[in-house]
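>
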Amino acid sequence: MKFVNAELTRPEIRILRIAMESLLKLADDLLEMFGPQDQIPNKSLPPTLVYSGTQNATLQVMKVINQARGTPTGEFNPNSTLICCYHSCTGDLDKEDTVNGFEKKEFPMISCTMALGLGQNWKRVRRVFHMGGGDPLCICQMMGRCGRNGKPGLAVLFMEPKRRFGINKIEAVTKANKQMDNTRMDCLAITPMCLRIAFSMDNLYGYIPTNRDDPNYMKEEQQEINEGFPLCKCSNCAPKEAEMLRKKMSVLDIDNFEALLDQPESFPDPELVQKKKRRAGGHKNHTEAPKKLTNELAVVLVVEFKTFYCEKYGTATSSLPEEHFAELEAENVAERLNDIQGAEEIQDLIGGKTINGKLKMLYNCVVNFRKGSLFTTYIEEREKYNKRIQDKIKETLDKKQAAIEQKQQMANEVLARKRKRAEEKIAKNEREAHEKEAKRLKWLSDSAYIESRKVFHRVQAAQSNRAGPST
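1 is the number of the first residue of the sequence shown in our numbering; add one for each residue after it.
This is how it looks when you write it as structure tokens:
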């Protein structure tokens with residue numbers, strides 16, 4: 001039996017590592033990766049796989065991509081010509097439809113987890129996105145889904161710039177075990193080395209290099225030169241080109257795919273992408289109702305719609321009520337319980353085609369639910385809570401104002417005492433100067449008097465000497 005020790009390096013795949021600017025669970029960094037549908041039709045988009053770490057994230061990815069393409073709520077369209085979903089909990093028939101539809105070019109993108117792709121050999125995939133960190137070996141396999149037709153492929157890795165409790169600086173790698181899974185994932189996000197060589201070294205030696213002086217790194221680098229590999233254009237080897245490519249990703253299509261990868265500077269800058277604005281702290285723009293209320297309303301909406309559907313079409317129909325309005329749509333409506341002002345807003349929340357009278361019925365359910373005791377009790381409690389909060393804020397502000405006034409009063413008292421001491425010192429100095437001047441004048445006066453007496457006595461003595469003794 002003969003064993004062959006080989007390695008797999010894919011020079012045709014260009015790897016871009018992009019630091020995420022938004023939260024991973026929001027996936028808003030994908031907004032600038034896709035242009036509007038009126039500029040690039042869905043059929044002209046490069047076949048793409050978008051890998052996420054969780055099943056819930058696949059739906060969020062679909063939502064963001066539809067938003068970027070100008071088709072909001074398109075993620076709920078089962079016949080979408082843009083993107084479909086695939087993960088381990090997807091139904092067997094849906095999985096089959098997704099795979100067959102992608103192979104038949106019915107849509108260009110799939111939002112998926114690792115459940116898809118690792119056993120496929122699709123030659124039409126040209127681009128792969130990966131959201132967040134992950135095992136470098138798994139990411140390497142995901143990237144390997146593109147470029148299988150001999151043409152260049154593009155792998156875009158969105159990495160969080162800082163990972164909680166992770167290694168976020170190169171200096172910290174020296175103190176860690178490089179072959180641990182967490183260390184490898186952190187090193188992949190921060191290494192300044194060639195990403196193509198980094199993945200190759202992880203396959204061969206079980207760690208991601210972070211230092212150019214690494215003997216294994218130099219060995220792999222020299223081996224690529226000896227084998228005649230083209231120069232790597234990953235985001236670490238060609239950062240300026242990678243940045244230009246990132247900015248112009250929204251104009252990428254099947255026709256200009258290779259040209260844009262080779263010469264991104266020859267393409268004009270696209271119009272600035274308006275990123276989704278969010279409130280500071282990550283809060284939603286609408287007022288959230290308690291989970292108890294939203295769950296109750298969701299149940300009411302589903303039950304009322306079933307009644308509405310059966311009354312309208314009867315029981316002998318070709319479709320079930322759940323196919324037109326299910327728990328997911330009901331939850332979307334219930335989450336906006338406090339803010340819905342009309343039936344058209346419900347259409348924006350549930351998307352898809354609608355049945356005559358459906359939106360009005362659902363809106364009436366929301367209005368009637370607001371009039372019920374459960375919601376009115378919630379409103380009263382919320383108002384009381386808000387009043388307590390406002391009172392607490394007012395009390396806190398009053399205390400702060402009182403403390404400021406007390407501090408100002410103390411400062412004024414200190415200033416007054418300083419001013420008084422200064423005035424007393426000035427008065428004392430003036431008094432001492434006056435006393436000193438008085439003493440000086442008195443000394444001058446006394447000195448003059450003494451001198452005059454001395455002169456008088458000298459004159460008297462001289463006169464006595466001239467008169468002589470009497471006979």
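Glycine included, C-beta positions come from ideal geometry on N, C-alpha and C.
Using three-state DSSP, classify S111 as helix, strand or coil.
Taking the sequence shown and counting its residues from 1, one reaches residue 111 at position 111. Here S111 sits in strand by DSSP.
> Using a Cβ-Cβ cutoff of less than 7 Å, which residues in the same chain neighbour L349 once the five nearest sequence positions on both sides are dropped?
Position 349 of the sequence shown holds residue 349. The residues are N332, V333, R336.
> Could you tell me how far apart the beta carbons of R163 and D186 are, in whole angstroms, since I believe they sit closer than 8 Å?
What you label residue 163 is simply residue 163 of the sequence shown in a count that begins at 1. What you label residue 186 is simply residue 186 of the sequence shown in a count that begins at 1. Confirmed, about 6 Å.
> On the CB-based measure, 16 or more other CB atoms within 10 Å of its CB, does I197 come out buried or exposed?
For the purposes of this step, residue 197 is taken as residue 197 along the sequence shown, with counting starting at 1. Flag for I197 reads buried.
> I'd like to know whether the C-beta atoms of I15 and C310 end up nearer to each other than 8 Å.
The residue you call residue 15 lines up with position 15 of the sequence shown. The residue you call residue 310 lines up with position 310 of the sequence shown. Result no, Cβ atoms of I15 and C310 do not sit closer than 8 Å.
> DSSP state of Y51, grouped into three classes?
Position 51 of the sequence shown holds residue 51. Strand, per DSSP.
> How many Å lie between F229 and R17 at the Cα?
For the purposes of this step, residue 229 is taken as residue 229 along the sequence shown, with counting starting at 1. For the purposes of this step, residue 17 is taken as residue 17 along the sequence shown, with counting starting at 1. Rounded to whole angstroms, F229 to R17 spans 21 Å at the Cα level.
> Assuming V156 is part of the alpha helix (DSSP H), what are its boundary residues?
Here residue 156 corresponds to residue number 156 of the sequence shown, with the count starting at 1. Segment 153-159 is the beta strand (DSSP E) holding V156; no alpha helix (DSSP H) there.
> Can you list, in chain order, the residues of its chain whose CB lies under 7 Å from that of N465, leaving out five sequence neighbours each side?
Here the question's residue 465 lines up with position 465 in the sequence shown. Contacts found: none.
> Per DSSP, what are the beta-bridge partners of C85 in this structure?
On the sequence shown, residue 85 is found 85 positions in, with the first residue counted as 1. DSSP lists S111 as partners of C85.
> Looking at C-alpha atoms only, which residue of P321, R458, N216, Q463 is the closest neighbour of F305?
Translated into positions along the sequence shown, residue 305 becomes position 305. Cα-wise, what sits closest to F305 is P321.
> Given Q55, which residues of its chain have a CB within under 8 Å of its CB, disregarding the five upstream and five downstream residues?
As a working note, residue 55 is residue 55 in the sequence shown. Contacts found: H87, S88, C89, T113.
> Just mark F456 as buried or exposed, buried being the case when its beta carbon has 16 or more other beta carbons within 10 Å.
As a position in the sequence shown, residue 456 is number 456, starting the count at 1. It is exposed - the Cβ of F456 has fewer than 16 other Cβ atoms within 10 Å.
> Kindly provide the ranges of any alpha helix (DSSP H) runs that are 4 or more residues long and lie completely inside the region 314-368, ordered along the chain.
List check, alpha helix (DSSP H) in window: 327-335, 343-350.
> Quick one: measure Cβ to Cβ for I40 and I83, integer angstroms, because I've assumed they're closer than 8 Å.
For the purposes of this step, residue 40 is identified with residue 40 of the sequence shown, where counting begins at 1. For the purposes of this step, residue 83 is identified with residue 83 of the sequence shown, where counting begins at 1. That pair is no contact at about 14 Å.
> Would you decide whether H130 is buried or exposed? Buried here means 16 or more other CB atoms lie within 10 Å of its CB.
Residue mapping note: residue 130 aligns to position 130 of the sequence shown, counting from 1. With 16 or more Cβ atoms within 10 Å of its Cβ, H130 is classed as buried.
> Check R10 in the structure and name its three-state DSSP category.
Reading the sequence shown from its first residue, position 10 is the one you call residue 10. Three-state DSSP puts R10 in coil, outside helix and strand.
> Look up A176 in the DSSP assignment and say whether it is helix, strand or coil.
Against the sequence shown, residue 176 aligns to sequence position 176. Correct three-state label for A176: coil.
> Please classify H283 as buried or exposed, where buried requires at least 16 other C-beta atoms within 10 Å of its C-beta.
For the purposes of this step, residue 283 is taken as residue 283 along the sequence shown, with counting starting at 1. Because the pLDDT of H283 is 40, which lies under 50, any placement of that residue in the model is unreliable, and the number read from its coordinates should be weighed accordingly. When all chains shown are included, H283 counts as exposed.
> Can you tell me whether I389 is buried or exposed? The criterion is at least 16 other CB atoms within 10 Å of its CB, across all chains shown.
On the sequence shown, position 389 is the one that residue 389 refers to. Flag for I389 reads exposed.
> Would you tell me roughly how many angstroms separate the C-alpha atoms of V414 and Q408, rounded to the nearest one?
Numbered from its first residue, the sequence shown carries residue 414 at position 414. Numbered from its first residue, the sequence shown carries residue 408 at position 408. When rounded, the distance between both Cα atoms is 10 Å.
> For a test of the three-state rule: what should DSSP assign to R126, helix, strand or coil?
Walking along the sequence shown from the start, residue 126 turns up at place 126. R126: coil per DSSP, three-state reduction.
> Using the Cα positions of S319 and V302, report the straight-line distance between them to the nearest angstrom.
Translated into the one-based positions of the sequence shown, residue 319 becomes position 319. Translated into the one-based positions of the sequence shown, residue 302 becomes position 302. Going by the C-alpha atoms only, they are around 16 Å apart.
> Would you call the region 21-40 and the region 120-137 in contact, with 3 or more CB pairs under 8 Å?
The answer is yes - the region 120-137 touches the region 21-40, with three or more Cβ pairs under 8 Å.
> Between the alpha carbons of K275 and K123, how many angstroms are there, rounded?
On the sequence shown, position 275 is the one that residue 275 refers to. On the sequence shown, position 123 is the one that residue 123 refers to. The predicted model places K275 with a pLDDT of 49, which falls under 50 and marks its position as unreliable, so this point remains unresolved.
> Please state whether DSSP places L26 in a helix, a strand or coil.
Numbered from its first residue, the sequence shown carries residue 26 at position 26. It is coil, neither helix nor strand.
> Measure the CB-CB distance between H324 and I346 and report whether it falls below 8 Å.
Numbered from 1 along the sequence shown, position 324 holds the residue referred to as residue 324. Numbered from 1 along the sequence shown, position 346 holds the residue referred to as residue 346. Not a contact, by the Cβ cut-off of 8 Å.
> Using DSSP bridges, identify the partner residues of A433.
Residue mapping note: residue 433 aligns to position 433 of the sequence shown, counting from 1. According to DSSP, A433 bridges with nothing at all.
> For Q60, count neighbouring C-beta atoms within 10 Å of its own C-beta (all shown protein chains included) and say buried if the count is 16 or more, exposed if not.
As a working note, residue 60 is residue 60 in the sequence shown. Counting Cβ neighbours within 10 Å, Q60 comes out buried, since at least 16 surround it.
> Check R212 in the structure and name its three-state DSSP category.
Your numbering for residue 212 matches position 212 in the sequence shown. Three-state DSSP puts R212 in coil, outside helix and strand.
> For Y217, count neighbouring C-beta atoms within 10 Å of its own C-beta (all shown protein chains included) and say buried if the count is 16 or more, exposed if not.
Indexing the sequence shown from 1 puts residue 217 at position 217. Buried, because 16 or more other Cβ atoms sit within 10 Å of the Cβ of Y217.
> From L441, P152, Y449, pick the residue whose C-alpha is nearest to that of C232; which is it?
As a first step, residue 232 is located in the sequence shown; it is residue number 232 there, counting from the start. Checked all of L441, P152, Y449; the closest Cα to C232 is P152.
> Cβ of N42 within 8 Å of Cβ of T73?
Position 42 of the sequence shown, counted from the start, is the residue given in the question as residue 42. Position 73 of the sequence shown, counted from the start, is the residue given in the question as residue 73. No.
> Classify A280: buried if its beta carbon has 16 or more other beta carbons within 10 angstroms, exposed otherwise.
Residue mapping note: residue 280 aligns to position 280 of the sequence shown, counting from 1. Model confidence at A280 stands at a pLDDT of 38, short of 50, so the residue's coordinates are unreliable; what they give is reported in the following sentence. With fewer than 16 other Cβ atoms within 10 Å, it is exposed.
> Just to check my reading of the structure: K248 and L260 have Cβ atoms closer than 8 Å, yes? What is that Cβ distance to the nearest angstrom?
Position 248 of the sequence shown holds residue 248. Position 260 of the sequence shown holds residue 260. With 8 Å as the limit, K248 and L260 qualify as a contact, their Cβ atoms being about 6 Å apart.
> Could you tell me which residues DSSP pairs with L17 in its beta bridges?
Within the sequence shown, the letter at position 17 stands for residue 17. Residue 17 is actually Arg in this sequence, not Leu. DSSP, once it has assigned bridges, lists L157 as partnering R17.
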